[in-house]
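The structure appears below as structure tokens.
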Amino acid sequence: AQSVSQHNHHVILSEAASLELGCNYSYGGTVNLFWYVQYPGQHLQLLLKYFSGDPLVKGIKGFEAEFIKSKFSFNLRKPSVQWSDTAEYFCALRPHNQGGKLIFGQGTELSVKP
Amino acid sequence: EPEVTQTPSHQVTQMGQEVILRCVPISNHLYFYWYRQILGQKVEFLVSFYNNEISEKSEIFDDQFSVERPDGSNFTLKIRSTKLEDSAMYFCASSPTSSGNTIYFGEGSWLTVV
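Protein chains in written order, with my numbering: chain A, 1 to 114; chain B, 1001 to 1114.
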């Protein structure tokens, strides 16, 4: 079965700390991978996506993620977080050539202390 | 930047009542989706819609649910005879194609069934 697992439910960091949010998926075929962010009271916004090519993808606001096929992982990173990064982060996969639906992880709430 | 818009932002309804959630997808997009997120749980796919018909639906999307695009711009989700467990945030989304493109989400409609 297709699934996405995010290891951390709630992460608390101080400003300027480095961030890594784990995401692992279960699917045997080709996938597209996404990280979405949901700021308080706002809609889901795309941070970055991986379709093919360079496994290290850069997104908005200084975020990046690395696709490691052998580990079925797509971890999100940021070298130095800011208070404004406080939000919920969702990893999602879309099986290739299976329509457009996304399969989401359970989300990781990030709280950044000023 | 074009956005997916949803109305209402919050609706409270009595158990057994019918609810219609409305969405205006991005204008040149062809694929439309509904997802839901029960409080504290994952974002779950409900249904995808293309060319005026359902292209895929999840097991959650039973006979209680229906979707339509009545006028070429609005995309609605109808929930007949709501149950307490239908209380959730419902997200509408759209994309230009079914693969190879980002799925854009609306801000969500909070449904509370009492």
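Glycine is no exception: its CB is placed at the ideal position from the N, C-alpha and C atoms. The model shown is predicted, which means the values in this text are computed figures rather than measured ones.
So, under 8 Å CB-CB, residue i and residue j are touching, yes? Tell me the CB distance rounded to an integer number of Å.
i, j, result
"residue 1024 of chain B", "residue 1074 of chain B", "6 Å"
"residue 83 of chain A", "residue 57 of chain A", "Going by Cβ atoms, the distance from residue 83 of chain A to residue 57 of chain A rounds to 25 Å, so no, they are not a contact pair."
"residue 79 of chain A", "residue 18 of chain A", "5 Å"
"residue 1078 of chain B", "residue 105 of chain A", "No, residue 1078 of chain B and residue 105 of chain A are not in contact; Cβ-Cβ is about 29 Å, not under 8 Å."
"residue 1049 of chain B", "residue 1055 of chain B", "6 Å"
"residue 63 of chain A", "residue 48 of chain A", "6 Å"
In chain order, what residues of the same chain have a beta carbon less than 7 Å from the beta carbon of residue i, not counting five sequence neighbours either side?
i, result
"residue 46 of chain A", "34 and 36"
"residue 1102 of chain B", "1095"
Check the Cβ of residue i against every Cβ in chain B and list those closer than 8 Å, keeping chain order.
i, result
"residue 118 of chain A", "With chain A represented from 1 up to 114, any question about residue 118 of chain A goes unanswered, as that position is not in the structure."
"residue 103 of chain A", "1045"
"residue 42 of chain A", "1107"
"residue 49 of chain A", "1102"
Who are the near neighbours of residue i in its chain, counting only those whose CB is closer than 6 Å to its CB and skipping five residues on each side?
i, result
"residue 1110 of chain B", "1010 and 1089"
"residue 10 of chain A", "109"
"residue 94 of chain A", "32 and 102"
"residue 30 of chain A", "96"
"residue 1045 of chain B", "1035 and 1058"
Whose Cβ in chain B lies nearer than 9 Å to the Cβ of residue i?
i, result
"residue 100 of chain A", "1031, 1033, 1048, 1050, 1055, 1056, 1093, 1095, 1097, 1098, 1099, 1101 and 1103"
"residue 46 of chain A", "1102, 1103, 1104 and 1105"
"residue 67 of chain A", "What residue 67 of chain A touches in chain B: nothing, since even the nearest Cβ is about 16 Å away."
Residue i versus chain A: which residues are under 7 Å apart at the beta carbon?
i, result
"residue 1059 of chain B", "Per Cβ cutoff of 7 Å: no residues; residue 1059 of chain B is ~12 Å from chain A at best."
Return helix, strand or coil for residue i, following the three-state DSSP convention.
i, result
"residue 1038 of chain B", "coil"
"residue 113 of chain A", "strand"
"residue 1084 of chain B", "helix"
"residue 1020 of chain B", "strand"
"residue 1060 of chain B", "coil"
"residue 71 of chain A", "helix"
"residue 1009 of chain B", "coil"
"residue 1078 of chain B", "strand"
"residue 60 of chain A", "helix"
"residue 1048 of chain B", "strand"
Leaving aside the five residues before and after residue i along the sequence, list all residues of the same chain whose C-beta is less than 8 Å from its C-beta, in chain order.
i, result
"residue 1087 of chain B", "1038, 1039, 1111, 1112 and 1113"
"residue 1097 of chain B", "1030 and 1031"
Using a Cβ cut-off of 7 Å, pull out every chain B residue sitting near residue i, in sequence order please.
i, result
"residue 63 of chain A", "None at all; the shortest Cβ gap to chain B is about 15 Å."
Checklist entry - Pairing CB atoms from the segment 24-42 of chain A with CB atoms from the segment 82-89 of chain A, are three or more of them under 8 Å? => result Yes, since at least three Cβ pairs between the segment 24-42 of chain A and the segment 82-89 of chain A fall closer than 8 Å, the two stretches touch.
Item to check | Contact the segment 19-32 of chain A vs the segment 69-76 of chain A: 3+ CB pairs below 8 Å | outcome: Output reads yes: the segment 69-76 of chain A touches the segment 19-32 of chain A.
Item to check | At least three beta-carbon pairs within less than 8 Å, the segment 1030-1046 of chain B to the segment 1054-1072 of chain B | outcome: Yes, they touch.
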